[in-house]
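Remarks on the structure that follows.
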Amino acid sequence: MTMPIPLETERLVIRRFQDADLDPFYSYRNDTDVAKYQNWSIPFPREEAKERIKEMKSVAPGAPGVMCQLAVELQATCEMVGDVAFWLDKREPRRATIGCTLARAYWRQGLALEAVSRLLDYLFTEHNIHRVVADCDPDNTASFRLLERLGFRREGHFVESFWLGDHWGDEYYYGILEREWKK
Ligand SMILES: CC(C)(COP(=O)(O)OP(=O)(O)OC[C@H]1O[C@@H](n2cnc3c(N)ncnc32)[C@H](O)[C@@H]1OP(=O)(O)O)[C@@H](O)C(=O)NCCC(=O)NCCS
Numbered sequence: 001m002t003m004p005i006p007l008e009t010e011r012l013v014i015r016r017f018q019d020a021d022l023d024p025f026y027s028y029r030n031d032t033d034v035a036k037y038q039n040w041s042i043p044f045p046r047e048e049a050k051e052r053i054k055e056m057k058s059v060a061p062g063a064p065g066v067m068c069q070l071a072v073e074l075q076a077t078c079e080m081v082g083d084v085a086f087w088l089d090k091r092e093p094r095r096a097t098i099g100c101t102l103a104r105a106y107w108r109q110g111l112a113l114e115a116v117s118r119l120l121d122y123l124f125t126e127h128n129i130h131r132v133v134a135d136c137d138p139d140n141t142a143s144f145r146l147l148e149r150l151g152f153r154r155e156g157h158f159v160e161s162f163w164l165g166d167h168w169g170d171e172y173y174y175g176i177l178e179r180e181w182k183k
């Protein structure tokens, strides 16, 4: 199977993490607006950021059950502005889950749309994925608008699905099939 990473788009390169990504990665992981609906808490330690980068440098993209996070870089300036993540389900490896995070300064410029579109092309083509899913907090408008713009279908609204430290949070669940994406 070919693994054509880096992936290119009009404005972006989606590539493996590098040691030099530590500063931007550590910085947006510690931004309260970026972390608001995510599964990490602030402060996100620098050591943990370093460890994650080390891990992602050696991970095999598409190994079932293993999360692969790729850095998103602006072609024009070579700045690392965020990441996309995906993992193939261990028991059903033709099903993948995705996520995307950008540093706040780069929001609302269509960059996530561009990055995740390319990621979906990659998953459906290179990994023969049948179905891609994503979940998000119903208050995370940016996230579900992005998914809906990409053609994902809202398939579930799980009520009080997980404990957020002081209250139970709901969750939206989205999916898209290969044939729907290719259409
Ligand atoms: C979610 C996130 C990646 C979106 O990135 P982005 O680059 O700003 O998104 P885009 O500019 O590509 O916009 C995609 C669509 O979502 C819409 N959108 C983006 N942010 C929005 C917001 N805050 N409110 C309403 N709509 C929004 C855009 O208008 C666009 O739809 P349109 O083309 O119909 O106008 C970004 O907000 C982010 O990194 N958030 C923090 C991390 C996070 O919560 N990630 C999701 C976890 S699954």
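Each step along the sequence shown adds one to the number in our numbering, with nothing skipped, and position 122 is 122. Glycine included, every Cβ here is placed at the ideal spot set by N, Cα and C.
Local conformation of residue i per DSSP, three classes
i	result
alanine 60	coil
leucine 147	helix
isoleucine 14	strand
glutamate 48	helix
valine 194	In the structure as shown, the chain begins at 1 and stops at 183. Residue 194 is therefore absent and cannot be evaluated.
aspartate 139	coil
glutamate 55	helix
aspartate 19	helix
Beta carbon of residue i nearer than 8 Å to that of residue j
i	j	result
glycine 65	lysine 90	yes
leucine 146	phenylalanine 86	no
valine 84	alanine 103	no
glycine 151	serine 161	no
alanine 76	arginine 118	no
proline 4	glutamate 126	yes
aspartate 137	glutamate 171	yes
leucine 22	alanine 49	yes
isoleucine 98	alanine 134	yes
Residue interval of the alpha helix (DSSP H) (run including residue i)
i	result
glutamate 114	111-126
serine 27	22-29
valine 34	32-35
Residue nearest to residue i in terms of C-alpha spacing, selected from the options
i	options	result
arginine 154	Tyr173, Trp163, Lys50 and Cys100	Tyr173
cysteine 68	Arg16, Leu164, Glu51 and Gly175	Arg16
phenylalanine 144	Gly175, Val59 and Arg46	Gly175
alanine 20	Gln38, Gly62, Lys57 and Thr9	Lys57
proline 43	Ala96, Lys183, Glu55 and Phe25	Phe25
cysteine 100	Pro45, Arg29, His157 and Lys54	Arg29
leucine 70	Ile14, Val116 and Lys54	Ile14
Opening and closing residue of the beta strand (DSSP E) in which residue i lies
i	result
alanine 96	95-102
arginine 179	No beta strand (DSSP E) contains arginine 179, which is instead part of the alpha helix (DSSP H) from 178-182.
valine 132	131-136
valine 81	80-88
alanine 71	68-74
Cβ-heavy atom distance, residue i to ligand 3, below 7 Å
i	result
threonine 141	With respect to small molecules bound, the structure shown includes ligand 1 and not ligand 3.
>> Three or more C-beta pairs under 8 Å: does that hold for the segment 172-179 against the segment 124-140?
In response: yes
> Using 8 Å as the Cβ pair cut-off and three pairs as the minimum, do the segment 94-108 and the segment 24-35 touch?
Replying inline: yes
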